[in-house]
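Worksheet: the structure to be examined is printed underneath.
Protein chains: 2
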Amino acid sequence: MKINVLFSPLQADELYFTGKTTVIIDVLRATTTIITALSNGAKEVIPVNSVEFAMKVSGNFFGGQTLLSGERNTRKIEGFNLGNSPLEYTKEAVHGKSIVLFTTNGSRAIVKAKFSETLVMCAFINLNAVAKYCADLDKDLEIVCAGKSGGFCIEDSLCAGKLIYELLNYKKDLKLTDAAKASLTLNDIYGRNIVQTLIDSEHGQLLTENGFAEDINFCSRLAVSEVIPFFSGGSIKPLNLPVHPISVEEDKNKKE
Amino acid sequence: MKINVLFSPLQADELYFTGKTTVIIDVLRATTTIITALSNGAKEVIPVNSVEFAMKVSGNFFGGQTLLSGERNTRKIEGFNLGNSPLEYTKEAVHGKSIVLFTTNGSRAIVKAKFSETLVMCAFINLNAVAKYCADLDKDLEIVCAGKSGGFCIEDSLCAGKLIYELLNYKKDLKLTDAAKASLTLNDIYGRNIVQTLIDSEHGQLLTENGFAEDINFCSRLAVSEVIPFFSGGSIKPLNLPVHPISVEEDKNKKE
Numbered sequence: 000m001k002i003n004v005l006f007s008p009l010q011a012d013e014l015y016f017t018g019k020t021t022v023i024i025d026v027l028r029a030t031t032t033i034i035t036a037l038s039n040g041a042k043e044v045i046p047v048n049s050v051e052f053a054m055k056v057s058g059n060f061f062g063g064q065t066l067l068s069g070e071r072n073t074r075k076i077e078g079f080n081l082g083n084s085p086l087e088y089t090k091e092a093v094h095g096k097s098i099v100l101f102t103t104n105g106s107r108a109i110v111k112a113k114f115s116e117t118l119v120m121c122a123f124i125n126l127n128a129v130a131k132y133c134a135d136l137d138k139d140l141e142i143v144c145a146g147k148s149g150g151f152c153i154e155d156s157l158c159a160g161k162l163i164y165e166l167l168n169y170k171k172d173l174k175l176t177d178a179a180k181a182s183l184t185l186n187d188i189y190g191r192n193i194v195q196t197l198i199d200s201e202h203g204q205l206l207t208e209n210g211f212a213e214d215i216n217f218c219s220r221l222a223v224s225e226v227i228p229f230f231s232g233g234s235i236k237p238l239n240l241p242v243h244p245i246s247v248e249e250d251k252n253k254k255e
Numbered sequence: 000m001k002i003n004v005l006f007s008p009l010q011a012d013e014l015y016f017t018g019k020t021t022v023i024i025d026v027l028r029a030t031t032t033i034i035t036a037l038s039n040g041a042k043e044v045i046p047v048n049s050v051e052f053a054m055k056v057s058g059n060f061f062g063g064q065t066l067l068s069g070e071r072n073t074r075k076i077e078g079f080n081l082g083n084s085p086l087e088y089t090k091e092a093v094h095g096k097s098i099v100l101f102t103t104n105g106s107r108a109i110v111k112a113k114f115s116e117t118l119v120m121c122a123f124i125n126l127n128a129v130a131k132y133c134a135d136l137d138k139d140l141e142i143v144c145a146g147k148s149g150g151f152c153i154e155d156s157l158c159a160g161k162l163i164y165e166l167l168n169y170k171k172d173l174k175l176t177d178a179a180k181a182s183l184t185l186n187d188i189y190g191r192n193i194v195q196t197l198i199d200s201e202h203g204q205l206l207t208e209n210g211f212a213e214d215i216n217f218c219s220r221l222a223v224s225e226v227i228p229f230f231s232g233g234s235i236k237p238l239n240l241p242v243h244p245i246s247v248e249e250d251k252n253k254k255e
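Protein chains in written order, with numbering that gives the first Met the number 0: chain A, 0 to 255; chain B, 0 to 255.
Written out as structure tokens, the structure reads:
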């Protein structure tokens, strides 16, 4: 079982992913948000790679059943129902809904990897479940860090490294590329204090400046959800049924 | 002074580099080879991004004054004068010559960054000189790892990290991006044994398989050259005059 990590989706083109098993990571915040939405009963998340396409896709749905969601420069897009903060994706807000999601890095990375044979989403909050799933699958793995505007970001590569670290609990004979080894090393150092790494990260600092500091705490939690978001036919649905919804009330109360 | 690292040239387009101060790193082997060629008296190195363009450019030069050089899958291209092993670039072979160079990763990364205001080449063998030069320049820095086929490679990111580490000797107040911090961390771990890291790397293993094991030793040496290759007007010339030519005889004898 060979593991590779792409530190930026720009490192590969769409056809690179054909037939592959791919894990997309965008800790701050798209994949955390998708996991939260599906854990709290959203019917599906439809990732799109432009705002224009988001509006076009949402126009095809019946009103009330669809939420138009996403961000630009961390903030909710004007006229959209929800932004990209996982704390907005409560059971009350999303249960039974189709969510059309546009984000600067994450949703575009997912769309880019659409030709993968298996395409799942990972963040710290479901990392243990994804590790077990990938170990059971026993296929070569491409882990894609959504990154920040095409560049490297520490939180996604740390999450990739921790995913590989957990995989090693199940599989001792992983074949790691240079990038996979480097991710594992970054986990050794930065994984000692995930929340502090996220606070210190470039993206974390931007979120704090823009009033989303409590998102960082939420996004740095481990083993909060068992849900594995699975992309198929243009939409993301949970591979496992949600066992426990995620309460975001505690974080929302902290905010107020 | 802000320092950023790109782990792959694919993370940015040509215009990204406009007006920037850029350092290109391709330890195995293009930038090591360029530094060696200029240290041993080559007049200039002309980097090109395709074999076809290499042949076209070399056709414009007088015969005997130009060497057509480069590799595909680590090996010398058929009909070319030299490959991409720095050990070929002896004083006897290159003195006074213009070298047209095509390599899979390095020469293309240099061409991509051509709109930089300042564009220099770094490898372990001239790292200390480049660090001092960049410190004196005191400009924001983009360090580009040529990588491997568009992806991450450990030897270039390690070299980037060591360059930043050396820069910290001159400048205590560097502002580091996530990627720059990660490179510094990789230097902390993998910099303890540079040659072993290069031997274990994906690219190092490929070179060993293809008979270039002694290149790895040569490419892992520190402070061998004071030459800083500087790109201007389509060609690379030494910014400093070479103080000491590099003897590659020792390595060649080892080979035999």
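Quick reminder that beta carbons are idealized off the backbone N, C-alpha and C, glycines included.
Check	Outcome
Interfacial residues, the region 190-214 of chain A to chain B, with Cβ spacing under 9 Å	199, 200, 201 and 202
Residue 76 of chain B - DSSP class collapsed to helix/strand/coil	coil
Chain B contact residues for residue 177 of chain A, given Cβ-Cβ distances below 7 Å	151, 152, 153, 200 and 201
Closer than 7 Å: residue 125 of chain A CB and nearest the ligand ATP heavy atom	The model on display carries no ligand, and the ligand ATP is accordingly not part of it.
Beta-carbon neighbours of residue 145 of chain A, restricted to chain B and to distances below 8 Å	Going along chain B, no residue has its Cβ under 8 Å from residue 145 of chain A, so there is no contact; the nearest lies around 13 Å.
Coarse secondary structure for residue 31 of chain B, derived from DSSP in three states	helix
Which of helix, strand or coil DSSP assigns to residue 144 of chain B	strand
Residues in the region 13-24 of chain A having any Cβ partner in chain B nearer than 7 Å	none
Pairwise C-alpha distance: residue 246 of chain B and residue 22 of chain B	25 Å
Delimiting residues of the alpha helix (DSSP H) encompassing residue 154 of chain B	153-166
Top-ranked residue by Cα proximity to residue 7 of chain B, from B:111, B:168 and B:221	B:111
Where residue 6 of chain A meets chain B, residues with beta-carbon distance less than 7 Å	6 and 151
Residues that residue 185 of chain A contacts on chain B, provided the C-beta gap is smaller than 9 Å	181, 184 and 185
Collapsed DSSP secondary structure at residue 211 of chain A in the structure displayed	coil
Residue 255 of chain A (DSSP reduced to helix, strand or coil)	No answer about residue 255 of chain A holds up, because its pLDDT of 46 lies below 50 and its placement is not dependable.
Strand pairing of residue 70 of chain B, partner residues [DSSP]	B:75
For residue 279 of chain B, three-class secondary structure by DSSP	Since the first residue shown for chain B is 0 and the last is 255, residue 279 of chain B is missing from the structure and cannot be characterised.
Three-state secondary structure (DSSP) of residue 109 of chain B	helix
9 Å Cβ cut-off: residues of chain B touching residue 320 of chain A	In the structure as shown, chain A begins at 0 and stops at 255. Residue 320 of chain A is therefore absent and cannot be evaluated.
For residue 53 of chain A and residue 44 of chain A, believed in contact at Cβ under 8 Å, the rounded distance	At roughly 12 Å, the Cβ-Cβ gap does not stay under 8 Å, so residue 44 of chain A and residue 53 of chain A are not in contact.
Contacts of residue 245 of chain B in chain A (Cβ-Cβ under 7 Å)	What residue 245 of chain B touches in chain A: nothing, since even the nearest Cβ is about 27 Å away.
Short Cβ contact (8 Å threshold) for residue 20 of chain A with residue 138 of chain A	yes
Minimum Cβ-Cβ distance from residue 188 of chain A to chain B less than 8 Å	yes
Same chain, Cβ closer than 6 Å to residue 120 of chain B, neighbours up to 5 away in sequence not counted	23, 30, 33 and 228
C-alpha distance - residue 255 of chain A paired with residue 92 of chain A, whole-angstrom precision	With a pLDDT of 46 at residue 255 of chain A, under the threshold of 50, the modelled position of that residue is not reliable, and no figure is offered here.
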